[in-house]
Structures are given as structure tokens and as C-alpha cells.
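Residue numbers (our numbering), protein chains in the order written: chain A, 1 to 147; chain B, 148 to 294; chain C, 295 to 441.
Glycine included, each C-beta is placed from N, C-alpha and C at the ideal position.
The block underneath contains the structure these notes are about, expressed in C-alpha cells.
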Amino acid sequence: MELITTSIDLSTQGHTDIVDITPQVQQALNDCGMEEGFVQLFALGSTTGISTIEYEPGLVQTDMKVMLEKLAPYNVPYQHNKTWGDNNGASHLRSTLIGTSYAVPFQEGELILGTWQQIIFLDFDTHPRQRKVVLQFFGKKKSDINR
Amino acid sequence: MELITTSIDLSTQGHTDIVDITPQVQQALNDCGMEEGFVQLFALGSTTGISTIEYEPGLVQTDMKVMLEKLAPYNVPYQHNKTWGDNNGASHLRSTLIGTSYAVPFQEGELILGTWQQIIFLDFDTHPRQRKVVLQFFGKKKSDINR
Amino acid sequence: MELITTSIDLSTQGHTDIVDITPQVQQALNDCGMEEGFVQLFALGSTTGISTIEYEPGLVQTDMKVMLEKLAPYNVPYQHNKTWGDNNGASHLRSTLIGTSYAVPFQEGELILGTWQQIIFLDFDTHPRQRKVVLQFFGKKKSDINR
């Protein structure tokens with residue numbers, strides 16, 4: 001059994017920018033050479049999120065933003081904003097709601113996902129950011145399985 | 148330390164059908180013979196979810212559906228629906244919100260849950276489906292513990 | 295690779311009491327002596343939650359409570375309440391929405407979190423409770439890494 005910790009870096013636009021990180025996660029899996037196990041993802045930052053979605057423009061550019069704007073609207077006088085002279089209270093609430101931790105299984109070196117299911121990083125902050133997602137691969141290398 | 152990947156298959160009705168999968172997960176744990184560790188659950192499909200709830204009819208047949216209908220109503224002209232001639236935009240939003248990844252600990256061969264806490268699979272799609280949940284058991288077998 | 299199961303006990307006030315458990319989780323990590331891996335957290339109880347937030351009074355005492363009161367208000371005649379003569383239907387809905395399972399990575403014996411990101415336990419029940427969060431540390435001890 002192996003454990004490999006790595007990370008991916010992202011440049012994001014904020015305002016619920018939704019990025020498909022499936023290719024980077026699959027590439028990192030290829031690089032570490034594991035066959036069977038799962039990858040634990042953790043997004044650094046209290047205005048971020050990790051989830052899955054069918055990554056198509058209607059959902060990621062419109063429908064998700066409309067729903068989240070209803071649940072935690074950006075332009076509301078949050079206590080957080082008043083206390084800190086800040087403007088991202090909604091970003092924090094969305095992060096706690098969606099969560100920053102996720103795990104995805106893999107077998108035969110391939111992530112196991114539904115046909116229309118992609119892994120997404122969400123940046124809820126109110127301006128462009130440089131972000132980091134920690135990836136931890138747990139599982140068996142080919143040599144462990146063949147033993 | 149061991150890793151065993153397996154899965155369970157479910158027939159669901161859609162429209163936020165909520166299924167108690169605790170018995171199947173416990174049965175799979177019994178079958179793999181592990182004593183201490185956790186099971187990582189991952190629901191395949193971008194209109195599914197995994198969470199926990201007190202599995203009683205009031206909550207699963209009424210209250211959860213009413214809440215989710217408020218957060219992401221089914222009969223709304225989503226951009227997703229317009230683009231793809233589809234009718235399940237709400238199903239996708241609910242999936243991203245609830246999440247498809249969950250982990251539950253176990254000790255002495257038994258899942259550790261609260262007294263009134265069950266593991267649920269949620270199908271948010273708008274018609275009956277055949278579904279798969281990947282289960283990955285990580286941990287120690289009895290022989291490892293006795294060593 | 296090691297697996298250590300432990301737990302922390304909490305006294306909470308209910309009504310979406312939000313507790314910063316980062317110090318206890320870091321202390322438990324120190325106690326188990328692991329260097330690299332992740333901690334899997336699981337909150338026992340169907341009216342609890344685990345997530346992350348910037349732990350400052352504006353968000354935890356006001357903004358989160360206001361948002362959740364909009365999503366799943368406490369004083370509504372839930373079917374759960376009618377069936378069981380109970381008053382905590384909202385507590386259950388919030389728990390399913392936020393989730394009770396979370397994982398946080400660590401390296402060099404330190405939890406990896408964003409600068410303003412803390413791990414929180416949320417008690418959604420309607421009265422004070424004694425609670426337990428299961429912690430499972432998976433990873434390598436110093437001796438494994440130096441090998």
C-alpha cells in the first residue's frame with residue numbers, strides 16, 4: 001500500500017468560477033503509477049469548494065451560479081463584511097456549504113466516475129486568485145497487485 | 148493494511164428517491180472481513196448523492212424533498228434543459244450540493260454511526276435508473292490486529 | 295502505513311452551535327505521531343455536521359445561522375416533527391445538507407489548511423448535547439519515511 005501526496009495549482013477568476021480539474025487529477029494519477037485505490041482531494045482556502053458536476057456551460061456558467069446566488073447572495077450586508085471591511089461573506093458561506101474535501105476511487109489506473117461526471121474546483125472569492133488543491137493517492141501499485 | 152474495492156447496485160425511482168444503503172454497506176463489510184478502518188463511498192452519476200439521515204418516512208418522503216424543491220426546484224427553465232432538450236437541471240444542481248463522496252468508519256467489524264443515523268443514496272434524476280455505488284474498504288483484518 | 299482510530303468529545307449548545315475543533319484534531323495528530331497522511335473525521339449523530347470555515351464571530355455567530363435559517367428554518371411544521379412529537383426536523387435537514395464526513399491532509403506532522411481555514415463541528419439539534427467525533431489517522435510515521 002502506498003501514499004503519495006502532491007498538489008495542483010490553479011489560476012481562477014473568483015465569483016463562483018468553476019474549473020474542471022479531472023484531467024489534472026488523472027494526470028497526477030498517471031504520474032504516481034498507482035493501479036487501485038482512491039484520491040483524496042482537499043482545496044486550500046475558506047472561499048473554495050470541491051464537488052462533481054456534468055461539466056457543460058449551461059450548468060457551470062449559469063444554473064449553479066443562479067442557485068448559489070439564491071442560497072447565499074453576494075451583495076448582502078453580511079456581518080463578516082462589516083467586521084472586516086470585506087466583501088466576501090457569501091464566498092465563505094458557499095465554501096462551508098459545498099465543502100472542500102472529496103474523494104474519488106480509481107481502478108486499473110483510471111479514475112472511476114459516471115459518464116457525465118467531472119471533478120470540479122469552485123472559487124467563490126470575489127477576485128482572481130492563485131489556488132492549490134492537495135491530492136493524496138492511497139492504494140496499490142501494479143507490483144503490489146501482481147504479487 | 149488492506150484495500151478492497153467492491154460496489155453495490157441499486158434500482159431507483161428518481162425524483163429525489165432516498166434509499167437506506169446501510170444494510171448493503173454493512174453486508175459488504177462482513178463479506179470482506181475487515182475489523183478496523185473506514186469505507187469510502189462514491190456514487191457514480193452526476194444526478195446522484197450520498198449522505199446520512201435519520202431514515203424515517205417524515206424526513207425522507209416529505210421534508211428533504213420540500214427543502215430541496217425550495218433550493219433547486221425541478222420545474223424551472225434551467226439553461227441546462229434548454230441547451231440539451233433535457234429536464235433534469237435541478238437533478239444536477241442537487242448532486243453538486245449534496246455531493247457524491249462520503250466515508251464512514253468501522254471498528255470490530257461494525258460501521259460506526261449515530262443511533263439514528265443511516266447512510267443514504269439519493270437519486271435526483273427525473274426517471275427510474277439503475278445505479279452503482281463504489282465501496283472501498285481500507286483497514287486492518289483481524290489477523291493484522293492480532294499480530 | 296498506519297491506521298489509528300481515536301475520538302474527541304464535545305459539549306455543545308445546539309441551535310447551530312459551531313465549534314472550532316482544529317486544535318483538538320492537531321493535538322490528536324501530535325499524540326499519534328504520524329508525519330504524512332490524512333485524518334478522516336466522522337461526526338456521530340443525525341443532527342450534526344463537519345465542514346471548514348474562517349472561524350470568526352461574524353460568520354459563525356451570525357451569517358451561517360442566517361443562511362441556514364433561510365435554507366431549513368427551525369420553526370416550520372415538518373412532517374418529522376408531527377410524526378415523532380419532535381421539534382428538530384430542521385436539524386436533520388441541515389445535517390444531510392452539510393454532511394458528517396470530512397478529510398483533512400497533513401504533512402510533517404501538521405494539518406494542511408488554508409491560512410484562514412478551520413475545521414468545524416456543527417450541532418444543529420435544538421438543545422445542548424454531548425457529542426463524539428471519530429478521528430481516523432491514515433499515513434506514515436517518521437520511521438516509515440526515514441526508511
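DSSP three-state assignment for residue i, whether helix, strand or coil
i	result
Ile21 (chain A)	coil
Val281 (chain B)	strand
Ser95 (chain A)	helix
Glu36 (chain A)	strand
Ala103 (chain A)	strand
Thr83 (chain A)	helix
Ala219 (chain B)	coil
Leu157 (chain B)	strand
Asp270 (chain B)	strand
Ser345 (chain C)	strand
Gln355 (chain C)	helix
Gln117 (chain A)	coil
Leu29 (chain A)	helix
Gly192 (chain B)	coil
Gly109 (chain A)	coil
C-beta neighbour in chain A for residue i, strict 8 Å
i	result
Gly246 (chain B)	yes
Phe189 (chain B)	yes
Met211 (chain B)	no
Ser345 (chain C)	yes
Gly236 (chain B)	yes
Thr308 (chain B)	Because chain B spans 148 through 294 in this model, residue 308 (chain B) falls outside it and cannot be assessed.
Sequence-distant residues of the same chain with beta carbon closer than 6 Å to residue i, five excluded per side
i	result
Cys326 (chain C)	Ile298 and Phe431
Asp156 (chain B)	Lys279
Gln334 (chain C)	Ala397 and Gln430
Thr199 (chain B)	Gln264 and Ile266
Glu348 (chain C)	Trp410
Gln307 (chain C)	Pro422
Ile168 (chain B)	Ile266 and Phe268
Minimum Cβ-Cβ distance from residue i to chain C less than 8 Å
i	result
Gly45 (chain A)	yes
Thr12 (chain A)	no
CB contact check: residue i to chain B, cutoff 8 Å
i	result
Glu36 (chain A)	yes
Lys140 (chain A)	yes
Thr310 (chain C)	no
Under 8 Å by beta carbon: chain C residues contacting residue i
i	result
Glu203 (chain B)	His374, Thr377 and Trp378
Pro252 (chain B)	Thr299, Gln334, Phe336, Val428 and Gln430
Leu71 (chain A)	Met361, Lys364 and Leu365
Residue i CB to nearest heavy atom of the ligand GTP below 7 Å
i	result
Pro77 (chain A)	The ligand content of the structure shown is nil, which means the ligand GTP is not present either.
Contacts that residue i makes with chain B (C-beta to C-beta distance below 8 Å)
i	result
Tyr102 (chain A)	Gly246 and Ser248
Neighbouring residues, chain A, relative to residue i (Cβ below 8 Å)
i	result
Gln411 (chain C)	Leu44, Gly45, Ser46 and Thr100
Leu407 (chain C)	Leu44
Residues that residue i contacts on chain A, provided the C-beta gap is smaller than 7 Å
i	result
Gly271 (chain C)	Outside the shown range of chain C, which is 295 to 441, sits residue 271 (chain C), and nothing can be said about it.
Cβ-based neighbour list, residue i, same chain, cut-off 8 Å, excluding 5 preceding and 5 following
i	result
Gly139 (chain A)	Met1, Glu2, Met34, Glu35, Glu36, Gly37, Phe38 and Phe106
Gln373 (chain C)	Gly383
Closer than 7 Å at the beta carbon, the chain C residues around residue i
i	result
Leu93 (chain A)	Asp357, Met358 and Met361
Leu176 (chain B)	What Leu176 (chain B) touches in chain C: nothing, since even the nearest Cβ is about 15 Å away.
Own chain residues within Cβ distance below 7 Å of residue i, not counting five before or after
i	result
Glu350 (chain C)	none
Ile392 (chain C)	Gly343, Ser345 and Leu416
Ser340 (chain C)	His386 and Ser389
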